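Visitor: Quick one: this structure, given as structure tokens, is what I'll be asking you about.
In full-length UniProt numbering, the protein residues as written are 1 to 347.
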């Protein structure tokens, strides 16, 4: 049961002395903090007897810095439950932390370490486990489904961009949260893209192809054909191949500042392909003398899956898979490059 809300004038006075960016956080904290606790801008305290309001005028020593539990997240199969905790860190920033119930209940010290990594400070060492008890007793109504890889979810109700943003259908009732590493950056808006890229591509077959290829990868799961495809642009230097590649990639959030190339190891390329699931991967500058495993890399891409692996005890590791397209550039053709390696193309 939440603590009794503070008097409106007290809450207004409290919020007035806070930065505007923190006010929604503390409003939520005031409305959801469980019975028996109170808070101020320094942290959360055990509420003394006789105090009814969540805001206390008494000077009390908080046992931890401010936080609140936003939602519960689970995998689509129903397991892997986690708490989404919003923490006010020492720099005044609001940081979200995903705390698995597995360690929250089974490894309390590890759970406290995860919270500390995200900026939560334990201010009273004798009451450090009170933090986990408070998290357990928090009444949380919001539920989310976990998304751990880019692209479409298995039920095709949501699509995770490499920026971590999850798009859903208008008819989708569930909420989704991306929990992987999202290092893509959205640059501008769709309106800006239409004006700065799309409009300029009109009448240019190469640029129109690039734009169409960029958008088409999100539709691959709906196609009947299997496998992934490499679209290789080859010819002399300074003919605009890289420009076409960058135009195609402009459809999606930008990852890193440098163009990706074919010089990556096959294991590194496998990871890049998995991260590009239902997106588009660009590989610039196919070298004249590629690595000996170049042929294996091509067929691995086309087979839409990496190598099967296992741990030292023989336990199988989940095989990385993808469904996507690759746009590639180089002076020589793929067939010509394979012939140089003594591996004529097949299939």
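Even for Gly, the Cβ is constructed at its ideal location relative to N, Cα and C.
If you're wondering where the values come from, they're calculated on a predicted model, not measured in any experiment.
#1: Do residue 68 and residue 95 have their beta-carbon atoms positioned less than 7 Å apart in this structure?
#2: Classify residue 169: buried if its beta carbon has 16 or more other beta carbons within 10 angstroms, exposed otherwise.
#3: Ends of the beta strand (DSSP E) at residue 187?
#4: Decide if the stretch 169-183 is in contact with the stretch 107-121; the criterion is three or more beta carbon pairs, one per stretch, under 8 Å apart.
#5: Give the DSSP-derived three-state secondary structure of residue 101 in the structure shown.
#6: Around the Cβ of residue 320, are there at least 16 other Cβ atoms within 10 angstroms (buried) or fewer (exposed)?
#7: Spatial neighbours of residue 71 within its chain, please: CB distance less than 7 Å, with the 5 preceding and 5 following residues excluded, ordered by chain position.
#8: What first and last residue would you give for the alpha helix (DSSP H) that runs through residue 266?
#9: Please report the residue range of the alpha helix (DSSP H) in which residue 51 lies.
#10: Smallest Cα separation from residue 97: which of 120, 75, 78?
#11: Do you know whose CA, among 186, 192, 163, lies nearest residue 179's CA?
#12: Please name the residue or residues paired with residue 257 in a DSSP beta bridge.
#13: Once the 5 residues before and after residue 231 are set aside, which same chain residues still bring their CB inside 8 Å of it?
#14: Under 7 Å, do residue 265 and residue 284 count as touching if we go by C-beta distance?
#15: If you run the structure through DSSP and keep just helix, strand and coil, what is residue 70?
#16: Return the Cβ separation of residue 39 and residue 51 in integer angstroms, given the expectation that the two are a contact with Cβ distance under 8 Å.
#17: Could you round the C-beta distance between residue 351 and residue 138 to whole angstroms and report it? I think they count as a contact, below 8 Å.
#18: DSSP three-state call for residue 233: helix, strand or coil?
#19: The alpha helix (DSSP H) spanning residue 214 covers which residue range?
#20: Run through DSSP, which three-state label would residue 328 get?
#21: How many Å lie between residue 29 and residue 10 at the Cα?
#22: Where do the ends of the alpha helix (DSSP H) carrying residue 299 lie?
#23: Can you tell me whether residue 303 is buried or exposed, with buried defined as 16 or more other CB within 10 angstroms of its CB?
Guide: Taking the geometry as given:
#1: no
#2: The residue is exposed, with fewer than 16 neighbouring Cβ atoms inside 10 Å.
#3: Element bounds for residue 187: n/a, residue is neither H nor E.
#4: no
#5: helix
#6: Buried.
#7: 84, 140, 142, 143, 144
#8: Annotation for residue 266: the continuous alpha helix (DSSP H) segment containing it runs 266-275.
#9: Segment: none, residue 51 is in no alpha helix (DSSP H) and carries neither H nor E.
#10: 120
#11: Closest option to residue 179, Cα to Cα, is 163.
#12: Residue 257 is not bridged to any residue.
#13: 213, 325, 326, 327, 328
#14: no
#15: strand
#16: Not a contact, Cβ separation roughly 12 Å.
#17: Outside the displayed range of the chain (1 to 347) lies residue 351, so it cannot be described from this structure.
#18: In the three-state reduction of the DSSP assignment, residue 233 falls in the strand class.
#19: 205-216
#20: strand
#21: 15 Å
#22: From DSSP, the alpha helix (DSSP H) with residue 299 extends over 294-302.
#23: exposed
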